[in-house]
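A.B. asks:
There are 2 protein chains.
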Amino acid sequence: MTNRDDLDELDRTVISMLTEDGRLSASEIAGRIGNVSERTVRNRIAALLQNRHIVIGAIPDPTAIGRDVQAELLIEVEPGKADEVAAELGEYDEVGYLAAITGRYTLAASVFFDTNAELFEFTEGTVGKIPGVNRVVTNMILRMYKIYGTRTTALSQREPQPNGAGRRARRAK
Amino acid sequence: MTNRDDLDELDRTVISMLTEDGRLSASEIAGRIGNVSERTVRNRIAALLQNRHIVIGAIPDPTAIGRDVQAELLIEVEPGKADEVAAELGEYDEVGYLAAITGRYTLAASVFFDTNAELFEFTEGTVGKIPGVNRVVTNMILRMYKIYGTRTTALSQREPQPNGAGRRARRAK
DNA sequence: TGAACTGGTTTCCGAAACGGCAATTCAAAT
DNA sequence: ATTTGAATTGCCGTTTCGGAAACCAGTTCA
Chain C
1 MTNRDDLDEL DRTVISMLTE DGRLSASEIA GRIGNVSERT VRNRIAALLQ
51 NRHIVIGAIP DPTAIGRDVQ AELLIEVEPG KADEVAAELG EYDEVGYLAA
101 ITGRYTLAAS VFFDTNAELF EFTEGTVGKI PGVNRVVTNM ILRMYKIYGT
151 RTTALSQREP QPNGAGRRAR RAK
Chain Z
1001 MTNRDDLDEL DRTVISMLTE DGRLSASEIA GRIGNVSERT VRNRIAALLQ
1051 NRHIVIGAIP DPTAIGRDVQ AELLIEVEPG KADEVAAELG EYDEVGYLAA
1101 ITGRYTLAAS VFFDTNAELF EFTEGTVGKI PGVNRVVTNM ILRMYKIYGT
1151 RTTALSQREP QPNGAGRRAR RAK
């Protein structure tokens, strides 16, 4: 299982660096920190991933990839069935965020679709029919500012990364 | 600026693979796809990053790193000031998610803190005092199931990644 | 029609990073 | 002080990366 509270200073430093840029090399990280061998950093990263303290992944800007229909769902679930319903919802990769909360509703979720029809089908046809779901409130997301700690285009109108090229593709294979 | 709708099939495929594992090598990706040179994949990735279509980063499991106090904020903002307030809130890295929504409230946010005191200080001292903010509703997050498309420990009780070591650190440097 | 152009793709290459292994060092326990 | 389990480190062959130049369409313009 995942242990908490067993992260030391080094782990936290590594995590915060990787949060900024998940593709940083171990040697780069070690270099910035100092007094740590590049090999150790590599070990730590491997362990962090292995224990699922972190996950390294690409976070697409939803609108940039065509998922233009975004919504926040508030779901009222019959008492005692939250975990169950959540497990079911978690299976859909259109669900980007899902949590149990206090207050009027039981679950809060962020969902991304290509079309309104798909969203409707999801709320009505899928969520609404899960046993234990008593109510589903849908609030459309008008603008996404930040998504998992990462600013989206709505907020990041700053300079592009000082990275590689900036060409765009036209022909696919 | 960030262009949308200029992603072709290859881009989407690459993105979906990187979403699963942000550390996949270009050659690995190219290999799985076929008919594409490893170099091209590398070019595409560079472009995707450069245009901010995607961001690759480590996504820490909040509870795993000690951010045990998580909450959903619903914020009512004076008409016309949503962007402004959002820009301000987006600066805080305790804010992991932020979006403008339809419905009773203007903004929805997910925030992570180490202690209740910090959360309180944030809602009362920070958010509450931003000009244009009329109301702040705080719902505690009792359980996080999924965070940016990635299942958290609450849902991911499956096998660890077939990765490197599983040792744990004890001594920091 | 064909030459110049443009922009992505591909190849090539040296430098850097990675993964596995074994030796080493450290800290806690006896 | 000795033992012991675990993390750190160095080493090495393999893989991956970054840069530059050649390559190849499709497009524009004479």
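In the order they appear, the protein sequences are chains C and Z.
Under our numbering, the first residue of the first sequence is numbered 1, with each subsequent residue one higher.
Under our numbering, the first residue of the second sequence is numbered 1001, with each subsequent residue one higher.
Ideal placement from N, C-alpha and C gives every residue a C-beta, glycine not left out.
In chain order, what residues of the same chain lie with their CB nearer than 6 Å to the CB of leucine 1010 (chain Z), ignoring the 5 residues before and after it?
C.D. replies: None.
A.B. asks: Please report how far the alpha carbon of glycine 1125 (chain Z) lies from the alpha carbon of glutamate 1118 (chain Z), in whole angstroms.
C.D. replies: Answer to the nearest angstrom: the Cα atoms are 10 Å apart.
A.B. asks: Buried or exposed: phenylalanine 1120 (chain Z), going by 16 or more other Cβ atoms within 10 Å of its Cβ?
C.D. replies: It counts as exposed.
A.B. asks: Please report the straight-line C-alpha distance between threonine 1138 (chain Z) and glycine 1090 (chain Z), rounded to a whole angstrom.
C.D. replies: Whole-angstrom Cα-Cα distance: 17 Å.
A.B. asks: Between Z:Thr1115, Z:Thr1013, Z:Thr1123 and Z:Asp1006, which has its C-alpha nearest arginine 1067 (chain Z)'s C-alpha?
C.D. replies: The shortest C-alpha separation from arginine 1067 (chain Z) is found at Z:Thr1115.
A.B. asks: For glutamate 1020 (chain Z) versus alanine 1030 (chain Z), is the C-beta spacing smaller than 8 Å?
C.D. replies: It is not a contact, given that the beta carbons lie outside the stated cut-off.
A.B. asks: When the Cα atoms are used, what is the spatial distance from asparagine 163 (chain C) to alanine 1047 (chain Z)?
C.D. replies: Annotation note: pLDDT 35 at asparagine 163 (chain C) (below 50); position unreliable, coordinate value reported separately. Roughly 8 Å separates the two Cα atoms.
A.B. asks: For isoleucine 1054 (chain Z), report the span of its beta strand (DSSP E) as first-last.
C.D. replies: Note, isoleucine 1054 (chain Z): beta strand (DSSP E), 1054-1060.
A.B. asks: For threonine 1115 (chain Z), decide whether its Cβ has a neighbour in chain C, counting only Cβ atoms nearer than 8 Å.
C.D. replies: No, its Cβ sits nowhere closer than 8 Å to a Cβ of chain C.
A.B. asks: Using three-state DSSP, classify serine 1027 (chain Z) as helix, strand or coil.
C.D. replies: Helix.
A.B. asks: Among the residues of its own chain, which have a CB less than 8 Å from the CB of proline 1062 (chain Z), if the five just before and after it don't count?
C.D. replies: For proline 1062 (chain Z), where only same-chain residues beyond five positions count, the Cβ hits under 8 Å are Asp1068, Gln1070, Gly1096, Phe1112, Met1144, Ile1147 and Thr1152.
A.B. asks: Mind pulling the chain C residues with CB within less than 7 Å of isoleucine 1015 (chain Z)?
C.D. replies: Within 7 Å Cβ-Cβ: Ala58, Pro60 and Ile65.
A.B. asks: Which residue marks the beginning of the beta strand (DSSP E) containing glycine 132 (chain C), and which one marks its end?
C.D. replies: Element bounds for glycine 132 (chain C): n/a, residue is neither H nor E.
A.B. asks: Mind pulling the chain C residues with CB within less than 7 Å of valine 1102 (chain Z)?
C.D. replies: The sequence shown places threonine at residue 1102 (chain Z), not valine. The answer, in chain order, is Asn139, Met140 and Leu142.
A.B. asks: Have a look at the DSSP bridge pairing and note the partners of leucine 1119 (chain Z).
C.D. replies: Partner(s): none; leucine 1119 (chain Z) has no beta bridge.
A.B. asks: Which same chain residues end up closer than 8 Å to isoleucine 130 (chain C) when comparing Cβ atoms and leaving out the 5 residues on each side of it in sequence?
C.D. replies: Taken in chain order, the residues that qualify are Val85, Glu88 and Leu89.
A.B. asks: From the beta carbon of lysine 146 (chain C), is the nearest beta carbon of chain Z less than 8 Å away?
C.D. replies: Yes - at least one Cβ of chain Z is within 8 Å of the one on lysine 146 (chain C).
A.B. asks: According to the neighbour-count rule (16 or more other Cβ atoms, all chains shown, within 10 Å of its Cβ), is asparagine 134 (chain C) buried or exposed?
C.D. replies: So asparagine 134 (chain C) ends up on the exposed side.
A.B. asks: If the criterion is Cβ atoms closer than 8 Å, does the pair leucine 1049 (chain Z) and alanine 1082 (chain Z) meet it?
C.D. replies: In this structure, alanine 1082 (chain Z) does not lie closer than 8 Å to leucine 1049 (chain Z) by Cβ.
A.B. asks: With a threshold of 16 other CB atoms inside 10 Å of the CB of glycine 1166 (chain Z), please say whether the residue is buried or exposed.
C.D. replies: With a pLDDT of 39 at glycine 1166 (chain Z), under the threshold of 50, the predicted position of this residue should be treated as unreliable, and no value is reported.
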